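Visitor: Dropping the structure in here first, questions after.
There are 2 protein chains.
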Amino acid sequence: MDKKVFGYPLKKIGIIGGGQLGKMLSQKAKQMGFYVISLDPSAECPAASVSDEIIVSDFYNPEKLKELVKKSDVTTYEIEHINTAALKELYNKGYNILPSPYCLEIIQDKLRQKQVLKEAGLPVPKFEKVESFDISFFESFGFPLVQKATKGGYDGRGVVVIKDSRSMDKILKTESYVEKFVDVEKELAVIVARNQKGDVVSYPVVEMVFDEAANILDMLIVPARVEKDIEDEAKKIAIKAVETLQSVGVFGVELFLTKDRKILINEIAPRPHNSGHYTIEACITSQFEQHLRAICGLPLGSTKLLSPAVMINLLGEEGYRGTPLIEGLEEALSIEGVSFHFYGKKLTAPFRKMGHVTVVDNDQERAIEKARKVKEILKIKSEVKIG
Amino acid sequence: MDKKVFGYPLKKIGIIGGGQLGKMLSQKAKQMGFYVISLDPSAECPAASVSDEIIVSDFYNPEKLKELVKKSDVTTYEIEHINTAALKELYNKGYNILPSPYCLEIIQDKLRQKQVLKEAGLPVPKFEKVESFDISFFESFGFPLVQKATKGGYDGRGVVVIKDSRSMDKILKTESYVEKFVDVEKELAVIVARNQKGDVVSYPVVEMVFDEAANILDMLIVPARVEKDIEDEAKKIAIKAVETLQSVGVFGVELFLTKDRKILINEIAPRPHNSGHYTIEACITSQFEQHLRAICGLPLGSTKLLSPAVMINLLGEEGYRGTPLIEGLEEALSIEGVSFHFYGKKLTAPFRKMGHVTVVDNDQERAIEKARKVKEILKIKSEVKIG
C-alpha cells in the first residue's frame with residue numbers, strides 16, 4: 001500500500017441533495033475530518049446545519065452543479081433525479097463524480113437497468129417495454145402485471161399493478177415497461193459497497209416487511225429471517241449486480257424472494273439506502289462511512305453486524321401538515337435499545353419521512369416487539385389537523 | 388409518564404466550548420433533531436461546522452454567556468474552565484444550566500471536590516491543603532506526595548510529584564493541596580449519567596493504560612481487565628460520587644486501583660469524557676446521547692457494551708506544528724474494526740488531541756493488538772518540522 005498522506009480536511013466532499021441521506025452522510029464525513037459542501041434547493045434542508053457549506057440550487061441547474069463539482073475533490077449524490085447530462089460533461093473533463101454519472105444514467109432508466117442486469121445473466125422478473133397502450137399488448141404479455149414508468153418513479157409513484165383486462169383504466173400513458181407480477185414471499189435488501197480498486201463487500205441481508213393495507217414499508221429486520229442458502233444467494237446476486245454496474249460507492253439492492261424460493265432483483269439505488277440505516281448502530285462500519293471510504297479510495301470497512309436490529313421509518317401521520325410535533329418520545333426512549341433519528345425537516349406531511357428509529361436487541365423477536373411498540377407510541381403530528 | 392409533546396427542534400442546546408467534545412455532542416444532538424448553539428473563542432473550532440449557530444467568545448465574557456443561555460432551552464459545557472459566577476447568576480434567575488454551575492464550582496476547585504467526596508464517605512487518597520511552602524509542612528505530610536493546584540490544572544498541568552525532600556525545588560507556589568502518592572496498580576474510569584428524576588446509570592469500567600515514559604495516556608481498554616468484584620466496586624463508587632454531586636448530566640469518574648486492591652477516586656469531570664469516546668461505537672447509547680437525554684429530562688439509555696473496544700487518542704507528533712498531515716490512514720483503515728475520528732482542528736502541535744481511533748473486536752487481546760498497530764502507523768504531522 002502506498003504511504004499516501006492526507007491533509008486536513010481529508011478531502012472536500014460534494015453532496016447533491018441535502019435530505020436525510022445527505023445529512024447522515026455529512027455527519028459521518030465531519031466525524032472523519034472531511035469538508036462537506038451540500039447542494040439542495042432549500043437552505044434549511046436537513047444537511048444544511050451539519051455541512052461546511054451549502055449551495056442553494058435545484059438538482060438540474062448546470063452552473064450550480066458545476067460550481068459544486070469544481071469545489072469538491074469528489075462529488076456524490078443522495079438522490080437519483082438529477083441532471084445526469086451536466087454531470088457526464090464534467091465527468092468527461094476529468095472531475096471526480098462517484099458513482100459515475102454513466103452508472104446513474106443506467107439506474108435512472110428503470111428499463112435500461114433491468115436490461116443491463118438481464119444481459120449480465122442476473123435474475124429479474126420477466127419484463128417488456130410498453131410499445132403500445134392497446135389492450136392486446138398487455139394481454140399478450142399476460143396478467144397480472146406491474147407497469148412501471150421508466151423514469152421519475154419514486155417511493156411507489158410511477159408504478160401500477162394491473163390484475164386483469166378489467167383494470168386497463170389504471171395504465172400509465174407514459175414511457176414505461178411491464179413486468180410480470182411476482183408472487184412475493186418476502187422482500188429483501190442488501191447494501192453492497194465497491195471501491196476504486198474493485199473490492200466489494202456486502203452487508204447482512206435485510207428483510208423489508210410491508211404494511212399490505214397502506215402499501216408502505218412497516219419495518220426492516222436484520223438479519224433477514226431466511227435460510228442460510230437464501231441469504232448467501234441474495235448476497236451473491238447483490239454483489240454481482242453491483243459488479244455489473246462497474247462503479248464505485250454504496251448501492252442498495254432490493255430483491256424479491258418469490259413463493260417458489262427464487263431471488264429476483266427488483267431495483268438498485270446508487271447511494272446509501274433506507275434499508276441500510278440500521279448499520280449506523282448495528283454494524284462496525286455504517287453504510288455512510290462505507291460510501292465515503294469507497295468514493296475516497298480508502299479501504300472498505302467491516303460490514304459485521306454487532307447486534308440484531310429492527311428499523312422503522314417515522315412518517316408524518318395522516319391528517320397532519322405543518323411544523324412537526326413529536327408525540328410519545330419520552331415513552332419511546334424509555335425502551336432499551338432505541339436510537340432516535342430526527343431529520344430536521346421543517347414541515348411534516350402525510351407519509352413524509354421525518355425520521356427513523358433503530359432498535360438493537362440480542363433477541364430478534366424482542367427487537368421486533370420493541371419496534372412495534374415504538375411505532376404505536378411515537379407519532380409525528382402537527383398543531384393543526386388537515387382535511 | 389406524562390405525554391409530553393416535543394416540537395421541532397426538540398430543544399435548543401447551548402454548548403460552552405466547541406472542541407472535540409462539543410463537536411461530538413453537537414453531532415449527536417443534530418442526529419436527534421436538536422438545535423445547537425456552540426460558544427467558542429474560534430469561529431473555526433471543531434464544533435462550528437456541525438452546529439446551527441456559533442457565538443464567538445472566550446469562556447469568561449458574561450454578556451456572551453448570557454446571550455447563549457438566553458437563546459438556549461438548556462445550556463451545558465464541554466470544559467470546566469469557564470465563568471462559573473456568571474453562570475450561577477443566570478442559574479439563579481431560573482435559566483436551565485446543567486450540570487448546575489454550583490456542581491461545576493465544586494469540581495473546578497479540586498480541593499473542594501476532594502473534601503466533598505471525603506465528607507460523603509467516599510474513598511480518596513489522603514490529602515491536605517497546602518498552608519505553607521515550608522519544607523516542614525511537606526515533610527510532616529509525608530513523602531512521596533503529589534502536589535496539585537486547586538484550580539486551572541488540565542491534562543497533567545498543575546500537578547507535580549515530589550518524591551522526597553530533595554525535590555522541593557519542584558513545588559508549585561500556588562493555591563494547592565498535597566495528596567499521598569498512590570501506588571497504582573491500574574487507573575480506571577467510569578462514565579456515569581444522572582437525569583433530573585435522579586435515575587443513575589453507569590457504563591462499563593474502562594482501563595486507562597499510561598505510557599510511563601511520556602506520562603500520557605496510551606490506550607483505553609473496555610471492559611477493564613479486572614476481577615468482577617473490583618468492577619462492581621468501581622461502578623458503585625463512581626455512582627455514589629455522582630449522586631453526591633446531586634447534579635444532572637454525564638460525568639467521567641477517574642479512579643485508582645491501588646496495589647493493595649483499594650479503589651480511590653482521583654477526580655471527576657462534569658461532562659462527557661475522553662474515557663467514554665468508545666461508547667460511540669461500542670455501546671447502545673453513546674455518552675453524548677446520554678448527556679443529551681440527561682440534561683433534557685429524557686429517560687436514560689442503555690449503557691450496554693456491544694463489543695470489547697480499545698480507544699487511542701491521536702496526538703500531534705512531537706516536532707510538528709502547523710496544518711495537520713495524516714500519515715498511514717489507508718493502512719490504519721484497512722484493519723478490521725477501526726473507526727477514525729478527526730476533530731478538524733486547523734493546527735497540530737506536539738501532544739495536541741487531534742482525533743481518536745476506536746477499535747472494536749470480539750477478542751479483547753486482538754483489539755489491543757490492533758490498537759497498538761494503529762498507533763504505530765497513524766501519525767499526525769505537518770509540512771514543516773520544528774525544533
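Going down the list, the sequences are from chains A and B. Letter by letter, the first sequence follows residues 1 to 387 in the working numbering. Letter by letter, the second sequence follows residues 388 to 774 in the working numbering. For every residue, glycine included, the Cβ atom is placed at its ideal position computed from N, Cα and C. All values reported here derive from a predicted model rather than from experimental measurement.
1. Do the stretch 365 to 381 of chain A and the stretch 327 to 345 of chain A make contact, defined as three or more Cβ pairs closer than 8 Å?
2. Compile a chain-ordered list of the residues in the stretch 431 to 451 of chain B whose CB is closer than 8 Å to at least one CB of chain A.
3. How about A:E44 and A:K346: are their beta carbons less than 7 Å apart?
4. Would you call A:P350 buried or exposed, if buried means 16 or more other Cβ atoms sit within 10 Å of its Cβ?
5. Looking at chain A, which residues of the stretch 678 to 706 of chain B have a Cβ within less than 9 Å of any of its Cβ atoms?
6. Please confirm if the stretch 321 to 328 of chain A is in contact with the stretch 270 to 284 of chain A, defined as three or more CB-CB distances below 8 Å between the two stretches.
7. Show which residues of chain B have a CB atom less than 9 Å away from the CB atom of A:S391.
8. Whose Cβ in chain A lies nearer than 8 Å to the Cβ of B:V635?
9. Can you name, in chain order, every residue of its own chain whose Cβ lies under 7 Å from the Cβ of A:M1, other than the five neighbours on each side?
10. List the residues of chain B that A:T150 touches, going by C-beta distances under 8 Å, in chain order.
11. Can you tell which of A:E53, A:K110, A:K71, A:Y91 has its C-alpha closest to the C-alpha of A:H81?
12. For the stretch 737 to 753 of chain B, enumerate the residues whose C-beta is nearer than 8 Å to any C-beta of chain A, in chain order.
13. Can you list, in chain order, the residues of the stretch 650 to 673 of chain B whose Cβ is nearer than 9 Å to any Cβ on chain A?
14. On the three-state DSSP scale, how would you describe A:Q196?
15. Which whole-angstrom value describes the C-beta separation of A:S247 and A:P99, a residue pair presumed to lie in contact below a C-beta threshold of 8 Å?
16. Between B:K757 and B:K573, what straight-line distance do the alpha-carbon atoms span, to the nearest angstrom?
17. Thinking C-beta only, is A:V161 closer than 7 Å to A:L188?
18. Starting from the beta carbon of B:G731, find every residue of chain A whose beta carbon is closer than 8 Å, and list them in chain order.
19. Any beta carbon from chain A within less than 7 Å of B:G724's own beta carbon?
20. Any idea what DSSP makes of A:A349, helix, strand or coil?
21. Can you tell me which of the three DSSP states B:S425 falls into?
22. Could you please tell me which residues of the stretch 187 to 204 of chain A, in chain order, have their CB closer than 9 Å to any CB of chain B?
23. Go ahead and pull the three-state DSSP assignment for B:Q633.
24. Tell me the start and end of each unbroken alpha helix (DSSP H) in the stretch 672 to 743 of chain B that is at least 4 residues and wholly inside, in chain order.
25. Per DSSP, which residues does B:C432 bridge with? Please list them.
26. What residues from chain A crowd round B:S492, counting only those whose CB sits closer than 7 Å?
27. Please classify B:N448: does DSSP put it in a helix, a strand, or coil?
28. Does any residue of chain B bring its CB to less than 7 Å from the CB of A:K4?
29. Excluding five sequence neighbours on each side, which residues of the same chain lie with their C-beta closer than 6 Å to the C-beta of B:P659?
30. I need the DSSP call for A:D2, collapsed to helix, strand or coil.
31. Spatial neighbours of A:F27 within its chain, please: C-beta separation below 6 Å, excluding the five flanking residues on both sides.
32. Going by CA-CA distance only, name the one from B:I558, B:K501, B:E723 that's closest to B:I655.
33. Between the Cα of B:I682 and those of B:V517, B:V443, B:T463, spot the shortest distance and give me the residue it belongs to.
34. Are the Cβ atoms of B:K399 and B:S459 separated by less than 7 Å?
35. Under 6 Å: does the beta carbon of B:K538 sit that close to some heavy atom of the ligand FAD?
36. Tell me which residue opens and which closes the beta strand (DSSP E) that B:G401 is part of.
Guide: The structure says:
1. yes
2. S436, V437, S438, D439
3. yes
4. exposed
5. R680, G684, L685, P686, L687, G688, S689, K691, L693, S694
6. no
7. Any question about residue 391 of chain A goes unanswered here, given that chain A covers just 1 to 387.
8. Those do not exist, as B:V635 stays about 16 Å from chain A at its closest Cβ, beyond 8 Å.
9. Per-residue confidence for A:M1 stands at a pLDDT of 41, beneath the threshold of 50, marking its modelled position as unreliable; the derived number appears in the next sentence. If we look at A:M1 and ignore the five residues flanking it on each side, it has no Cβ neighbours.
10. Simply none; closest approach about 36 Å.
11. A:K110
12. G742, V747
13. I667, E668, A669, I671, T672
14. coil
15. 4 Å
16. 21 Å
17. no
18. Y8, P9, K30, G33
19. yes
20. coil
21. strand
22. none
23. coil
24. 674 to 682, 716 to 720
25. In DSSP, B:C432 forms no bridge with anything.
26. According to the sequence shown, residue 492 of chain B is Glu rather than Ser. Chain A residues near B:E492: none, gap ~31 Å exceeds 7 Å.
27. coil
28. yes
29. L408, V637, Q674, F675, H678
30. Note on A:D2: pLDDT 48, under 50, position unreliable in the model; the coordinate value appears next. Residue state, collapsed to three classes: coil.
31. Just to set this straight, residue 27 of chain A is Gln in the shown sequence, not Phe. Taken in chain order, the residues that qualify are V50.
32. B:K501
33. B:T463
34. yes
35. The ligand FAD is absent from the structure shown, which contains no ligands of any kind.
36. 399 to 403
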